[in-house]
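Participant: Residue numbers (the working numbering): 5 to 176.
Glycine residues also receive a C-beta, built at the ideal position from the N, C-alpha and C atoms.
Please read these numbers as outputs of a predicted model, since none were measured by experiment.
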Amino acid sequence: MNDRPLSWRSPKTEVRHSPIHGRGLFAVADIAAGDVVAVKGGYIYDAAQWEAARERLDSSEIQVGEHLFIAPADVAQWEGAMLFTNHSCEPNIAIDGQIVFVAMRDIAAGEELTHDWATTDDADFELECHCGTPSCRGVISGRDWQKPELQRRYRGWFAWHIQRRIEASNDT
Ligand SMILES: C[S@@+](CC[C@H](N)C(=O)[O-])C[C@H]1O[C@@H](n2cnc3c(N)ncnc32)[C@H](O)[C@@H]1O
Ligand SMILES: [Zn+2]
Numbered sequence: 005m006n007d008r009p010l011s012w013r014s015p016k017t018e019v020r021h022s023p024i025h026g027r028g029l030f031a032v033a034d035i036a037a038g039d040v041v042a043v044k045g046g047y048i049y050d051a052a053q054w055e056a057a058r059e060r061l062d063s064s065e066i067q068v069g070e071h072l073f074i075a076p077a078d079v080a081q082w083e084g085a086m087l088f089t090n091h092s093c094e095p096n097i098a099i100d101g102q103i104v105f106v107a108m109r110d111i112a113a114g115e116e117l118t119h120d121w122a123t124t125d126d127a128d129f130e131l132e133c134h135c136g137t138p139s140c141r142g143v144i145s146g147r148d149w150q151k152p153e154l155q156r157r158y159r160g161w162f163a164w165h166i167q168r169r170i171e172a173s174n175d176t
């Protein structure tokens, strides 16, 4: 079996302990706005397939379509599929499309790379946020993308499937 990691993380990044939660992804060199910092790889699951796998492979997926997810095929691939990006209410990276993460601004070596899950998630969850930023929402939810102020703030930074949902909800 090919044991290369499924996901790609820029050599300007490193996974280490995070004050936000567990392990996080950090810049080890200065990163310029627009640089690609990571690309998620894996296997495509539909909603039913992911529901059956989620307990084993928890937290390793990202949503790439209305009912589609990308995640490792098995537990042995989990580590290499993870990007370890924690959520922040003041993020410095975002998804461009479905699997490519880019820097939203210049990032200095040492900063943790975080994205706002409002830009990627459409799911049924609530989480007490430990990002510690001045504008922390306190509790984040899998439906934060629906908040008008976040739709304004992250215009142009939403994952492809969320952007489509926002456009569909504006048409009604
Ligand atoms: C994709 S993992 C992120 C990597 C994780 N830190 C690890 O070590 O595996 C997602 C989990 O990280 C935690 N997490 C990420 N951002 C968080 C935040 N801002 N506040 C609290 N927990 C967070 C949550 O427990 C969430 O289920
Ligand atoms: Zn927060």
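Give the single residue among Glu115, Gly146, Asp128 whose Cα lies nearest to the Cα of valine 32.
Facilitator: Glu115
Participant: With H, G and I counted as helix, E and B as strand and the rest as coil, what does DSSP make of histidine 25?
Facilitator: coil
Participant: Quick check for students: name the residue ranges of the alpha helix (DSSP H) that lie wholly in the segment 14–88, counting only runs of 4 or more.
Facilitator: 51–61, 82–85
Participant: Assess, as a yes-or-no matter, whether the segment 145–154 is touched by the segment 120–133 under the definition of 3 or more beta carbon pairs within less than 8 Å.
Facilitator: yes
Participant: When the cut-off is 8 Å and only beta carbons count, does arginine 58 lie next to chain C?
Facilitator: In the structure shown, chain C does not exist; there is a single protein chain.
Participant: If you follow the beta strand (DSSP E) that leucine 117 is part of, which residue opens it and which one closes it?
Facilitator: 116–119
Participant: Confirm the yes/no value for this check: CB of arginine 141, any heavy atom of ligand 2, distance under 7 Å.
Facilitator: yes
Participant: I'd like the list of long-range same chain contacts for proline 76, defined as Cβ closer than 8 Å, with 5 residues on each side in sequence excluded.
Facilitator: Leu10, Gly46, Tyr47, Leu61, Ser64, Trp82, Gly84, Ala85
Participant: Since serine 145 is in the beta strand (DSSP E), which residue starts that stretch and which ends it?
Facilitator: Counting along the chain, the beta strand (DSSP E) containing serine 145 begins and ends at 143–145.
Participant: Please report the straight-line C-alpha distance between proline 95 and aspartate 120, rounded to a whole angstrom.
Facilitator: 6 Å
Participant: Distance check for glycine 26 and glutamate 132, CA to CA, integer angstroms please.
Facilitator: 14 Å
Participant: Under DSSP, the beta strand (DSSP E) around aspartate 100 begins and ends at which residues?
Facilitator: 97–100
Participant: Of the residues Asn6, Leu29, His21, Val79, which one's Cα is nearest the Cα of arginine 13?
Facilitator: Leu29
Participant: Quick check on valine 79: buried or exposed, where buried means 16 or more other Cβ atoms within 10 Å of its Cβ?
Facilitator: exposed
Participant: Answer yes or no: do alanine 107 and isoleucine 35 have a C-beta to C-beta separation smaller than 8 Å?
Facilitator: yes
Participant: Buried or exposed: threonine 137, going by 16 or more other Cβ atoms within 10 Å of its Cβ?
Facilitator: exposed
Participant: Provide the residue span of the beta strand (DSSP E) that contains alanine 107, from first to last.
Facilitator: 104–107
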